Every structure is written in structure tokens, then in C-alpha cells.
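Protein chains in written order, with our numbering: chain A, 14 to 350; chain B, 14 to 350. Here the structure is laid out as C-alpha cells; the discussion comes afterwards.
Written out as C-alpha cells, the structure reads:
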């Protein structure tokens with residue numbers, strides 16, 4: 014099948030750009046130096062590509078991601094890098110660990126999350142430490158107490174995690190020093206918790222975080238317009254393939270993809286080559302047409318999402334192309350909760 | 014089951030508010046004066062509630078919505094209020110119409126969309142006319158030509174549609190006159206096309222559009238924070254039910270729902286009673302906690318989406334509650350394309 018034959022809207026992976034991204038990251042963080050974040054692509058087929066490139070440890074943001082990865086035989090070492098209290102879902106992770114189908118580690122940052130993990134039979138934890146982003150993570154001064162509580166509840170403490178998400182978009186000149194200061198906090202917390210792992214970082218700091226023992230990055234694989242200026246080694250490997258369904262001679266056109274096909278939290282998508290986005294409706298993008306690019310109803314248009322993670326989560330599959338040839342389909346099989 | 018027992022994040026319909034909204038609209042536009050827009054809720058179970066309230070004609074935005082409604086026995090009169098070129102999908106609609114499983118009408122606005130509908134065996138069309146919103150819809154002066162082309166291609170022309178979406182948020186004082194001017198364009202186009210139907214309007218103009226023969230409204234059923242100021246007869250009938258997974262004494266807390274559970278194109282969600290949204294991440298909302306509302310890890314929090322339509326499309330189901338009692342579950346079974 015050819016790209017031109019695909020029904021639209023379709024979420025499409027550019028195989029050469031994907032291969033470039035995977036290779037560029039693996040050159041800096043080979044094997045288990047990288048713990049790819051499954052939340053960015055929610056696909057076991059894509060995860061298998063990363064495993065074949067040497068990365069066998071993964072981060073997950075939901076219990077469904079953990080369970081799906083284990084069911085796909087990718088359970089070598091799965092970190093739920095998120096706090097979860099639900100006893101049913103955590104119980105399933107405990108069962109997974111006991112069955113030997115996966116090595117399961119869960120993030121904890123409070124007495125309540127420690128108690129929930131212990132009650133569910135989760136065998137191992139990382140202590141999630143706040144390193145500057147106002148989100149989850151305990152106060153660094155509390156990390157040792159959280160670790161002691163986890164051990165006294167029967168769980169092993171593998172170390173710490175901390176996400177310096179507030180620094181991903183720092184100017185390059187200031188980024189390394191800011192990351193160093195943030196990681197200093199995390200390393201001190203690790204002194205208090207014990208364990209070998211210092212899990213941190215992301216696509217925006219992968220090249221300057223020299224303190225983490227493993228980098229949690231996911232966006233680099235597919236990339237989006239918002240992130241690219243902050244991680245220029247990577248390429249856009251994902252686009253939305255659309256069809257022009259209406260053209261107005263007053264200077265705009267409409268394609269058949271909208272709010273239900275595109276994460277909008279990072280702003281409007283980019284219309285490749287033929288115009289500028291005006292606004293996005295449920296099933297439409299209206300864009301101003303470039304004077305030099307006459308468009309006809311039925312033409313196909315590439316659209317780049319501003320934020321890959323929520324975009325992928327809206328689709329049932331990604332179609333993989335090499336040039337004009339469709340070479341694979343990757344189900345987005347880890348959606349929902 | 015009780016609301017407090019639901020796993021989170023869960024998308025929840027408040028049954029009394031839903032009933033209020035359905036009754037308030039049916040009082041103004043009973044029966045087929047309203048053509049509810051399925052795109053706003055993507056659920057045949059919810060659509061069946063509207064059919065039981067007397068509305069048996071529906072709008073759809075995708076062919077999958079049309080097919081799903083027909084398969085659910087709700088095919089009395091389905092309008093695909095959108096331009097589609099895909100011969101495979103349109104062909105399925107033609108098959109549906111021929112089989113008698115549904116009455117199917119499709120919007121057309123160009124020679125290309127007329128040709129696609131005719132080739133697919135679509136029996137009936139509405140001519141989509143631009144009435145001021147820069148999106149689909151032919152120039153009003155072309156409506157007669159599009160209708161003639163449809164007829165000469167073997168299809169019946171039921172009339173016109175035109176969406177005055179640019180007026181939904183007009184100040185109340187100016188709205189009626191602006192809608193009248195916009196509908197004047199549509200009525201003139203109908204003179205040229207023939208047919209009985211003038212399909213227009215939405216939740217923001219349902220109470221002042223006196224010219225359409227049927228109103229296309231969907232948001233009123235569930236409502237969101239962005240739309241409510243423009244349609245005050247309705248109530249918030251949908252919320253996201255979340256769990257506090259982390260509390261920071263410095264003044265913020267985090268719940269377990271984020272960009273994959275909330276449409277963000279209309280801005281941040283509203284945290285009910287206990288704080289103000291700071292930012293939304295893939296699986297988290299970080300919000301500033303009100304000084305007078307001490308929160309604990311494990312507490313449940315209601316979150317109101319800013320835009321219902323893309324929010325619903327992210328979920329597999331809606332859980333229906335009456336007070337604290339879970340009374341029903343409505344699968345969101347019309348997602349995707």
C-alpha cells in the first residue's frame with residue numbers, strides 16, 4: 014500500500030526519521046542507560062523496536078501500560094513512574110511481579126502511596142523526589158523516611174527518581190548548570206534512601222544530565238513541533254495525514270482532522286508547506302492557504318502535532334511509512350487506564 | 014456501586030443535570046425540531062436517551078458515527094453534517110441506505126464532494142453553505158449549482174445546512190441580529206437549492222435561531238465551562254472524577270488525570286471547590302490548593318472540562334451517577350474514524 018492510498022485522518026510514522034531518532038539517542042545513552050517512557054507512544058510494537066535497539070527497561074505512566082508491556086513480553090524491568098493508590102490496579106501489578114511475568118517497580122512519595130504499594134504486593138519501589146517541578150515527589154528531606162517506611166513495609170528500595178521537567182525548555186547556556194543543581198538534590202536524597210538507581214531526565218535534558226544513572230525519555234522517538242527547538246538532534250517522525258475536504262477561494266481550506274486527532278495543549282498544529290493553521294474544530298482544521306500553493310479538494314496534507322503524547326493517545330494505530338511506501342502498522346494498544 | 018468506589022480517572026455524567034438539559038432543550042425544540050449532534054457525546058447509549066425524549070433525527074461528524082448509530086437501531090434519519098471524500102467509507106453509507114437500515118443524508122459543498130457521494134450511492138444530500146464561519150460550505154451564490162449537480166447525479170436534495178459557529182459566543186444583545194443576517198444568507202441559498210430542510214444552529218444559538226427548520230446542537234447535553242456562559246439554561250452534567258495522588262505542603266496537590274483525559278483546546282479545566290489549576294501534564298493536573306481546603310492523599314476531586322467534545326472522545330465509557338449512586342454506564346462507542 015502507498016501513503017496516498019491511506020484513509021484519513023491517519024497518524025503516520027516516518028520510518029527513516031524514527032530510525033534516526035532511535036540511533037541518535039542510543040549513541041548517547043545505550044542499553045539500560047536509557048529507560049524509554051512508554052507514555053509518549055503507548056504502543057508495544059514501537060516499544061519492541063526500542064528493545065531491539067538495546068533498551069530493555071521501560072517507564073510507564075499508567076498501570077495499563079505496565080500490564081500491556083508485560084503481556085507483550087517486554088517485562089524485563091518496568092517502572093511505574095507515577096503514584097497510584099487504586100488497590101485493584103496495584104494488586105494486578107503485585108500479581109504480575111509474583112508471577113515472574115515482569116519485574117515491577119513503583120514510584121512512591123508519601124506514607125499513603127507506600128502503604129498502597131505494600132498492600133498490593135509490589136516488591137520494589139523508587140522514592141520519587143521533588144527536584145523543582147511542582148508535581149509529585151516528596152520533599153528531598155523526607156526521602157529517607159519514605160525509603161525506611163517502604164523497607165519496613167517489606168519492599169526493596171532501588172533508589173530515587175526525580176523529574177526536572179521545569180528545565181526542559183531552559184536556554185541551552187543555562188540548562189546544564191540548572192540541571193546539575195537539580196540533580197544535586199536528587200543525589201543527596203539517594204544518600205538517604207540507598208539503592209543504585211538515580212532515574213531522571215527527559216528528551217530536553219538527555220544531553221546534559223550527567224548525574225542520573227538512567228534517563229527517562231520518550232518524546233525523542235516521535236518528536237513534535239513544540240519540543241524540537243529544545244532537542245535539535247532529533248527529527249519529526251510523526252505526522253497526521255489528512256485530506257482537503259473544502260477549499261474556499263477567499264483564501265482558506267479545510268482538512269479532515271481536528272481536536273479529536275490532535276493534542277492541543279501545546280498549541281496549534283503546523284500545516285506542512287501549504288498554509289498556516291487558523292483554528293481547529295472537532296473534525297476540521299481551517300488553514301489559510303499560501304498564495305503560491307494552489308490546493309484542490311482531495312489533496313493530501315501533512316500536519317505536524319504540537320504535542321506528540323496526547324496526540325498518539327487519540328489514535329487506534331500508527332501507520333509506518335518509508336517514503337511513499339506503507340511498511341508497517343503499530344497498534345496504539347496501551348491507551349486508557 | 015457508589016461514586017466513591019469508582020476507579021479514577023473516570024468520566025462521570027450527573028444524571029439529574031443531564032435530565033435537566035435534555036428537558037430544557039426539548040421544551041424549546043421538541044422532537045425533530047432538534048437534530049442532536051452525536052459528535053458531542055459519541056455514545057449510542059446516550060443517543061438512545063435523546064431518542065426516548067423525542068429526538069429521532071441525528072447529526073454525525075464521521076462515517077463511523079453514522080454506522081454506529083445505524084447498527085444501534087438509531088438510523089431513523091442520520092445526517093453526516095460533514096464533507097467526506099473517502100469512497101470506501103462513503104460506500105458503506107450508500108450500502109446502509111440501500112439496505113434500509115438507515116436514512117442517510119450527506120453534506121456536500123463542491124463538485125468533488127457531490128461526485129464522491131453520488132459514486133458511493135448516497136441517496137440524499139444537504140447543500141452545505143458558508144454563512145460566515147470560515148470552514149466548509151460553498152459560497153451562497155454557488156448553492157443552486159451544487160444542488161443541480163447533485164440532482165443530475167441522481168441524488169435528492171433535501172435542502173441546506175449552514176453553521177453560524179462564529180456567532181455562538183456573540184454578546185447576547187447582538188447575537189439575535191447577527192444570527193438573523195447569517196440565516197438570511199442560508200434561506201436565500203435554500204431558494205436556489207430547493208428542499209424543505211434548513212439545518213443550522215448550535216447550543217450557543219438554539220434560543221435565538223428562529224429561521225432554521227432544525228437545530229444542530231450537541232454540547233447542551235453535557236455542557237462545559239467554556240460554553241456555559243453562552244447558554245445559561247443548561248448545567249454542567251459531566252465531570253472528571255479524580256484522586257489526589259500527591260499533596261505538597263508548599264501549596265499544591267496533584268490528581269491522577271491529565272492531557273490524556275481532558276480536551277485542552279479551550280483552556281485549563283476547573284478544579285471544583287478545592288483549588289485552581291496550575292498546569293496539566295500527560296497523567297496529572299497540578300493545582301494550587303485553597304488555604305481553607307485541606308486535602309489528603311486519596312481524596313477525590315471533581316474536575317470540569319473546558320471542552321466536552323474532545324474530552325469525551327478520550328474515554329472508553331461514561332459512568333452515570335445520581336448523587337453518590339452509580340446508576341448506569343454508557344460506552345463511548347463511536348470514537349475514531
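Idealized CB from N, CA, C, for every residue including glycine. Treat the numbers as computed from the prediction; the structure is a model and nothing was measured.
- With the rule of 3 Cβ pairs closer than 8 Å, the region 208–227 of chain A counts as touching the region 136–151 of chain A.
- Counting along the chain, the unbroken alpha helix (DSSP H) around residue 160 (chain B) starts and ends at 156–165.
- Annotation: residue 292 (chain A) is outside any alpha helix (DSSP H); the continuous beta strand (DSSP E) that includes it extends over 288–293.
- Taken atom to atom, the span from the alpha-carbon of residue 14 (chain A) to that of residue 192 (chain A) is near 46 Å.
- At least one CB of chain B lies nearer than 9 Å to the CB of residue 328 (chain A).
- The way I'd put it, the region 34–54 of chain B does touch the region 322–333 of chain B; three or more beta-carbon pairs between them come closer than 8 Å.
- Residue-level contact by beta carbon fails for residue 28 (chain B) and chain A, as no gap is shorter than 9 Å.
- For the pair residue 123 (chain B) and residue 260 (chain A), the CB atoms are nearer than the 9 Å cut-off.
- Looking at B:317, B:185 and B:350, the one whose alpha-carbon comes closest to that of residue 24 (chain B) is B:317.
- Counting along the chain, the unbroken alpha helix (DSSP H) around residue 126 (chain B) starts and ends at 124–132.
- DSSP lists B:137 as the bridge partner or partners of residue 169 (chain B).
- Residue 74 (chain B) reaches chain A at 295 and 296, counting residues in chain order whose Cβ is nearer than 7 Å.
- A residue is called buried when at least 16 other Cβ atoms come within 10 angstroms of its Cβ; residue 188 (chain A) meets this threshold and is buried.
- Residue 181 (chain A) has a beta carbon lying at 9 Å or more from every beta carbon in chain B.
- For residue 37 (chain A), same chain residues with a beta-carbon under 7 Å away, outside a window of 5 residues either side, are 246 and 247 in chain order.
- The beta-carbon separation of residue 343 (chain B) and residue 59 (chain B), rounded to 5 Å, stays under the 8 Å limit for a contact.
- Measuring C-alpha to C-alpha distances from residue 305 (chain B) to each of B:296, B:277, B:289 and B:293 identifies B:289 as the nearest.
- The three-state reading of DSSP puts residue 261 (chain A) in strand, counting E and B together.
- In the three-state reduction of the DSSP assignment, residue 29 (chain A) falls in the helix class.
- Classified as buried, residue 22 (chain A) has 16 or more neighbouring CB atoms from the shown chains inside 10 Å of its CB.
- For chain A, the residues of the region 74–106 of chain B that bring a beta carbon within less than 8 Å of one of its beta carbons are 74, 75, 95, 96, 97, 98, 99, 101 and 102, in chain order.
- For residue 93 (chain B), the uninterrupted beta strand (DSSP E) segment begins and ends at 90–93.
- When secondary structure is reduced to three states using DSSP, residue 62 (chain B) falls in the helix class.
- If you ignore the 5 residues before and after residue 110 (chain A), its C-beta comes within less than 6 Å of the C-beta of 117 and 136, all in its own chain and listed in chain order.
- For chain B, the residues of the region 306–339 of chain A that bring a beta carbon within less than 9 Å of one of its beta carbons are 309, 310, 311, 320, 322, 323, 326, 327, 328 and 329, in chain order.
- Under the three-state reduction of DSSP output, residue 100 (chain A) falls in the helix class.
- Counting only residues of its own chain and dropping the five nearest sequence neighbours on each side, residue 335 (chain B) has a CB closer than 6 Å to the CB of 28.
- Counting only residues of its own chain and dropping the five nearest sequence neighbours on each side, residue 280 (chain B) has a CB closer than 6 Å to the CB of 319.
- For residue 123 (chain B), a Cβ of chain A is located within less than 9 Å of the residue's own Cβ.
- Two segments are said to touch when three or more pairs of C-beta atoms, one from each, lie closer than 8 Å; by this definition the region 231–241 of chain B does not touch the region 93–101 of chain A.
- Following the DSSP letters along the chain, one finds residue 82 (chain A) inside the alpha helix (DSSP H) bounded by residues 76–84.
- Contact between the region 61–71 of chain A and the region 268–277 of chain A is not established, with fewer than three Cβ pairs separated by less than 8 Å.
- Nearest to residue 133 (chain B) by C-alpha distance, out of B:76, B:19 and B:291, is B:76.
- DSSP places residue 196 (chain B) inside the alpha helix (DSSP H), whose first and last residues are 185–206.
- When rounded, the separation of the alpha-carbon atoms in residue 80 (chain B) and residue 224 (chain B) is 30 Å.
- Sequence-distant Cβ neighbours of residue 168 (chain A) in its own chain, meaning closer than 7 Å and more than five residues away, are 130, 131, 135, 136, 137 and 138.
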